[in-house]
Each structure stands twice: as structure tokens, then as C-alpha cells.
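Okay, so here's the structure we're looking at.
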Amino acid sequence: MRKIPKLDDFQAPEGYFEQLPDEIISRLTEKSKPNWIQYAAAVAILVVGFGVWQFTSINSSSDQSTLNDEVNLYIESQYWTAEDVLSMSDNPEAILDEIIDEELILMEDSWLEDNQNLF
Amino acid sequence: MKNTSDQEILQLINNPKTRDVGFRQLIQVYQKRVYHVIRRMVLIHEDADDLTQNTFIKAYQHIGKFQGYSSLFTWLYRIATNETLTFLEKKKKRFFSSLDDHQEKLESYFDQPGQLSGDEIQILLQKTVLLLPKKQRLVFHLKYQEELTYEQIAEITGTSIGALKASYHHAVKKIEQSLNQE
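Heads up: the sequence lines are chains Z and C, in that order. According to this note's numbering, the first sequence is numbered sequentially starting from 57. According to this note's numbering, the second sequence is numbered sequentially starting from 595.
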């Protein structure tokens, strides 16, 4: 072991540790405060969404099922790859995170992966 | 065994009136150690900053579940290492849809000016350690850099001491081989 020198620590930006407690505590305070703007926005979206849905649902149900069938056909025939479908999504990062989170629940604390299982 | 400081912090946190004061003390006492153990694994400051903040936020949310059987620092390290390994796993899985390889990005990090002292051995050592599987890398850092005991590492990782010894032995062997080749 004498052959291996200790690794140097990476330097944090100057003043980082003086500010960190405040940053963490302000994040905690933000989380615990009720955000009325978000609630109001959510209610507004729901009201508008419900109105639009009422207006369009009469004619669109058959269109939607046709569209779903077409999408499934493209995926099943492998015309679209997983990357194509993700790239068409509004928020592919969120979908990826969701998939990864589901997989991670299964492997959490298992400590069984990596190239060599040496634990 | 908990030290006095841990006990004082826990007393403050357990009292609703002094909870925030106690939590601030917890951050002040452990922030550097938590940050550095994370930073050694993820290298990039911005990622280490996010993970350090998430670690303390999770600690705040779950402090009620802390039984006091271990020290606060092993409990915090457990949260920090879980956060870090989950982050690295996500980065690895993302690679299939991402344009850049996270591993390559990390390796090239050492070549940027100002990140390390410029000592060639240091850069070579950092690159060699980075090539280890991430859990071996974590054990190496905890044992060699942090000088924790196998008992403490077992508490942090929830792994048997025998498996940790094997993991550390393999890590050291690979690093020595790599350094000897240069």
C-alpha cells in the first residue's frame, strides 16, 4: 500500500461551505411553504382542461383510438425505435427517470451489479 | 458510540423549538466530509453540490427514523453513498439515449487545467481509480482515503466485512498493477 499515494481532495469553490447551510435550509423552507401560485395555476389548468375536453371529447374519441392504433402499429412493426418514441415525447427525461426509478427499486441495496460482484 | 457533539445535535433536532438550529449544526459539522465523499465519486462540483444538498434534505426528512444505533456520520454517509450510486447508475443507463458518455466526460475532467495539482502521479492515480467498478471505487475511497474501519463501511454500505475486504483487496491490486505499468 505504500506505493499508492493519497488522492488530493478536489477544491470546492471559495465560500461554498459558508453558503451551503443557508441554501439547504432555504430549500427546506420552500418545500414546506404552501405555494399558492402553483395551486392557482393547477386549478386554472384543470378548469381550462376540463372545458377543452368537454368541447372536443364528443368528436375526438374515435380519432384518438385510431391514433393509438397507428402508434402501436409503428412500435410493434419496429418502424419506430425506443429513441424515436422518446424524442417525440414532450419530456423524455421524465419518462427515462420514471423507467430508471422503477428498475432501481428492484436493485436497491442489492449491491449485486458492476462488472465484478466483489462485495 | 456517539460523540457528545452528535448527542447535542440530536437533542436540538428532537425538540421542535430548536429543530432548525440543530439541523443547521448538523450541516455545519458534516458538510465537508459528506461533500468530499460524494465529490470523489462524481468529480464534478455541480453534481456533488446537488447530491450533498439532497443528502441533507433527505436526512432532515428522515431524522425521525434515526435510531441512534450508529453515529450520525455513518448514517449520513449511508444516505450520501446511496444518493451517489443511484446518480451514477442513472447516468450509466441514460447513456443509451445520450450523445455523450458520462465516463469519458469524467476521464477528461482530469485533463482540464486547475482541477488537480498537476502532479502526474495524482492524475494517473485519479484516472486509475475512476476505472474501477463504482462500488469498488467507493470502498477504496472509504477505506484508503477516509480511513474508515471495515465495521463502519459495513454499516454504511450494508455489506458484509468479508465482501468488503475482498472488494478492497481487488481495488488495491488493480491500482498497484496500473501504477507499476507506467
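Note that the Cβ used here is the ideal one computed from N, Cα and C, for glycine as well. In this text, all values refer to a predicted model and were calculated from it rather than measured experimentally.
TODO: Report the rounded CA-to-CA distance for Tyr607/C versus Glu79/Z, giving the unit in angstroms.
DONE: The question names Tyr, but residue 607/C in the sequence shown is Ile. Straight-line Cα distance between these residues: approximately 19 Å.
TODO: Examine the Cβ distances between the stretch 715 to 722 of chain C and the stretch 663 to 670 of chain C and report whether three or more of them are shorter than 8 Å.
DONE: As far as the Cβ criterion goes, the stretch 715 to 722 of chain C does not touch the stretch 663 to 670 of chain C, which means the pair count is below three.
- [ ] Alpha carbon to alpha carbon, how far is Phe681/C from Asp641/C? Give it in angstroms, no decimals.
- [x] Straight through space, the alpha carbons of Phe681/C and Asp641/C are spaced by roughly 9 Å.
- [ ] Determine whether the Cβ of Val631/C lies closer than 8 Å to any Cβ atom of chain Z.
- [x] So no, Val631/C is outside the interface.
Task: Chain-ordered chain Z contacts of Leu719/C [CB-CB under 8 Å] - done: Chain Z residues near Leu719/C: Ile60, Pro61 and Leu63.
Task: C-beta atoms of Thr675/C and Ile750/C nearer than 8 Å - done: Against a cut-off of 8 Å, the Cβ pair of Ile750/C and Thr675/C comes out as a contact.
Open item on the list: So, with DSSP's three-state summary, where would you put Gly756/C?
Closed with: In this structure, Gly756/C counts as helix in the three-state DSSP scheme.
Task: Where Phe106/Z falls, given that 16 or more other Cβ within 10 Å makes a residue buried - done: Answer is exposed; the Cβ neighbour count stays below 16.
TODO: Report yes if the C-beta distance between Arg633/C and Phe66/Z is below 8 Å; otherwise report no.
DONE: Yes. Within cutoff.
Task: Interfacial residues, the stretch 597 to 631 of chain C to chain Z, with Cβ spacing under 8 Å - done: When CB distances to chain Z are screened at a threshold of 8 Å, the residues of the stretch 597 to 631 of chain C falling below it are Asp614, Phe617, Arg618, Ile621, Gln622, Gln625, Lys626, Tyr629 and His630, in chain order.
Task: Three-state secondary structure assigned by DSSP to Phe66/Z - done: In the structure shown, Phe66/Z sits in coil (DSSP, three-state: anything other than H, G, I, E or B).
TODO: Would you check if the distance between the CB atom of Tyr654/C and the CB atom of Leu76/Z is smaller than 8 Å?
DONE: In this structure, Leu76/Z does not lie closer than 8 Å to Tyr654/C by Cβ.
Open item on the list: When you compare the CB positions of Ser761/C and Lys729/C, do they come within less than 8 Å of one another, or not?
Closed with: Going by C-beta atoms, Ser761/C is nearer than 8 Å to Lys729/C.
Task: Nearest residue (CA-CA) to Gly756/C, options Lys721/C, Val631/C, Tyr738/C and Val733/C - done: Here the closest residue by C-alpha is Val733/C.
TODO: Let me know the secondary structure DSSP gives Lys611/C once reduced to three states.
DONE: Three-state result, Lys611/C: coil.
- [ ] Could you check the C-alpha separation between Arg731/C and Val99/Z for me, to the nearest Å?
- [x] Spanning the two alpha carbons is a distance of roughly 48 Å.
Open item on the list: Classify Ala765/C: buried if its beta carbon has 16 or more other beta carbons within 10 angstroms, exposed otherwise.
Closed with: Here Ala765/C is buried. Its C-beta has 16 or more other C-beta atoms within 10 Å.
Task: Thr137/Z versus Asp125/Z - alpha carbon distance - done: Taking the straight line joining both Cα atoms gives about 16 Å.
Task: Secondary structure of Asn124/Z, DSSP reduced to three states - done: If DSSP states are grouped into helix, strand and coil, Asn124/Z belongs with the helices.
TODO: Inspect the beta-carbon positions of Tyr663/C and Val631/C and report whether they are closer than 8 Å.
DONE: It is not a contact, given that the beta carbons lie outside the stated cut-off.
Open item on the list: Could you check whether the Cβ of Lys723/C sits closer than 8 Å to any Cβ belonging to chain Z?
Closed with: Rather than Lys, the amino acid found at residue 723/C in this sequence is Val. Flagged as an interface residue toward chain Z: Val723/C, by a C-beta distance shorter than 8 Å.
Task: Below-8 Å beta-carbon distance, Glu154/Z vs any chain C residue - done: No, no contact with chain C.
Task: Where Glu74/Z sits in the DSSP three-state scheme - done: In the structure shown, Glu74/Z adopts helical secondary structure according to DSSP, grouped into three states.
Open item on the list: For Thr612/C and Met635/C, I'd like the C-alpha separation in whole angstroms.
Closed with: Thr612/C and Met635/C have their alpha carbons spaced roughly 34 Å apart.
Task: Exposed unless 16 or more other CB atoms sit within 10 angstroms - verdict on Val108/Z - done: By the neighbour-count rule (16 or more Cβ atoms within 10 Å), Val108/Z is not buried but exposed.
- [ ] Identify each residue in the stretch 652 to 680 of chain C for which the Cβ-Cβ distance to at least one residue of chain Z is less than 7 Å, and report them in chain order.
- [x] So the list reads Tyr654 and Thr680, given in the order they occur along the chain.
Task: alpha helix (DSSP H) runs wholly inside the stretch 713 to 772 of chain C, at least 4 long, in chain order - done: Positions of the alpha helix (DSSP H) runs, each at least 4 residues long and wholly inside the stretch 713 to 772 of chain C, are given as 714 to 724, 728 to 734 and 744 to 751 in order along the chain.
Open item on the list: Give me, in chain order, the residues of the same chain whose beta-carbon lies closer than 6 Å to that of Arg735/C; leave out the 5 immediate sequence neighbours on both sides.
Closed with: Going by the sequence as given, residue 735/C is His instead of Arg. The answer, listed in chain order, is Arg634.
Open item on the list: For a cutoff of 8 Å on Cβ pairs, would you count Thr736/C as touching chain Z?
Closed with: What sits at residue 736/C in the sequence shown is Leu, not Thr. With 8 Å as the cut-off, Leu736/C does not count as an interface residue toward chain Z.
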